[in-house]
Amino acid sequence: MENIIFERIKKDISENDVVLFMKGTAAFPQCGFSAAVAQVLSQLGVRFKDVNVLEDATIRQGIKDFTNWPTIPQLYIKGEFIGGCDIVREMFTTGELQDLLKDKGVPFKDAA
Amino acid sequence: MAMQAETIADMIRSGIPSATVTIQDLRGDGEHYSAHIVSPSFKGLTRVQQHQMVYKALQGKMGGELHALAIQTSVPKE
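Read top to bottom, the protein sequences are chains A and B. Going by the working numbering, the first residue of the first sequence is number 222, and it counts up by one from there. Going by the working numbering, the first residue of the second sequence is number 8, and it counts up by one from there.
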């Protein structure tokens, strides 16, 4: 069962530059941490695919097994797991997230 | 069931060699904490790997009993 879920996750993160596994949706986040990451991305004008783990319990657990990361949200850029809310916020504050987006050729609007 | 700050700090200290741990109770409800962990064992690891070390030290409590623990990791300044 697990590899079906992993295959779905791999498909999502390979077909979309930026994927956010979150509780709720970008428009209606249902958890403060998920909302914080979605807000960072929209502040940077980054287009991303939101995957609402609340709609699918198998994805909700599968994503944690996939990355050996116990919490949601989880951010992927070009197929690479970047981190959860703490890491994304820290990288945004230090500017590392913006550098990473530049390196990976993901368009965004730099507020600086 | 909430967790006590000291329990969290002790678990992290026993799981991560020579870690200095500072915990803040963000809302006084025993469920929302922030922790700053400084340890030389983080050296050369990505942030994701550093945080995974912390989660491992918490032996599966993260995301379950412990709903919200904001983690910040760093290597001691030389």
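Yeah, the Cβ is synthetic: ideal placement off N, Cα and C, and Gly gets one too.
C-alpha distance - residue i paired with residue j, whole-angstrom precision
i         : j         : result
B/Asp-36  : B/Leu-73  : 11 Å
A/Pro-294 : A/Gly-245 : 10 Å
B/Val-28  : B/Ile-44  : 5 Å
B/Met-69  : B/Ala-75  : 8 Å
B/Ile-15  : A/Ser-255 : 23 Å
A/Leu-296 : A/Gln-319 : 14 Å
B/Asp-154 : A/Asp-307 : This structure gives no information on residue 154 of chain B, because the portion of chain B shown stretches from 8 to 85.
B/Tyr-62  : B/Thr-80  : 12 Å
A/Lys-330 : A/Pro-291 : 31 Å
B/Ser-46  : B/Gly-22  : 11 Å
A/Leu-262 : B/Ile-19  : 31 Å
A/Glu-236 : A/Gln-251 : 25 Å
A/Met-312 : A/Phe-249 : 24 Å
Contact list for residue i against chain A, beta-carbon separation under 8 Å
i        : result
B/Gln-59 : Asn-289, Trp-290
B/Gly-22 : Correct list: empty, because the minimum Cβ distance to chain A is about 14 Å.
Neighbouring residues, chain B, relative to residue i (Cβ below 9 Å)
i         : result
A/Phe-302 : Val-55
A/Glu-311 : Arg-54, Gln-79
Proximal residues of chain C, C-beta to C-beta of residue i below 8 Å
i        : result
B/Ile-78 : As a matter of chain content, chain C is missing from the structure shown, whose protein chains are A and B.
Proximity test, Cβ basis, 9 Å: residue i and chain B
i         : result
A/Met-243 : no
A/Lys-325 : no
A/Phe-249 : no
A/Lys-285 : yes
A/Phe-269 : no
Where residue i falls, given that 16 or more other Cβ within 10 Å makes a residue buried
i         : result
A/Gly-283 : buried
B/Ala-42  : buried
A/Ile-225 : exposed
A/Gly-304 : buried
A/Asn-289 : exposed
9 Å Cβ cut-off: residues of chain A touching residue i
i        : result
B/Tyr-62 : Asn-289, Trp-290, Pro-291, Thr-292
Residue-level contact to chain A via CB, residue i, 9 Å cutoff
i        : result
B/Ala-12 : no
B/Ala-75 : yes
B/Met-18 : no
B/Gly-70 : yes
B/Gly-67 : yes
beta-carbon residue i near the ligand COA non-hydrogen atom, thresh 8 Å
i        : result
B/Ile-23 : For the ligand COA, the structure offers nothing, since it holds no ligand at all.
Neighbouring residues, chain A, relative to residue i (Cβ below 7 Å)
i        : result
B/Gly-86 : Residue 86 of chain B cannot be examined here, being either before or after the span of chain B that is shown, 8 to 85.
Practice problem: Run through the stretch 243–288 of chain A for me and flag every whole alpha helix (DSSP H) of 4 or more residues, listed as ranges in chain order. | Solution: Whole alpha helix (DSSP H) segments, 4+ residues: 253–264, 278–288.
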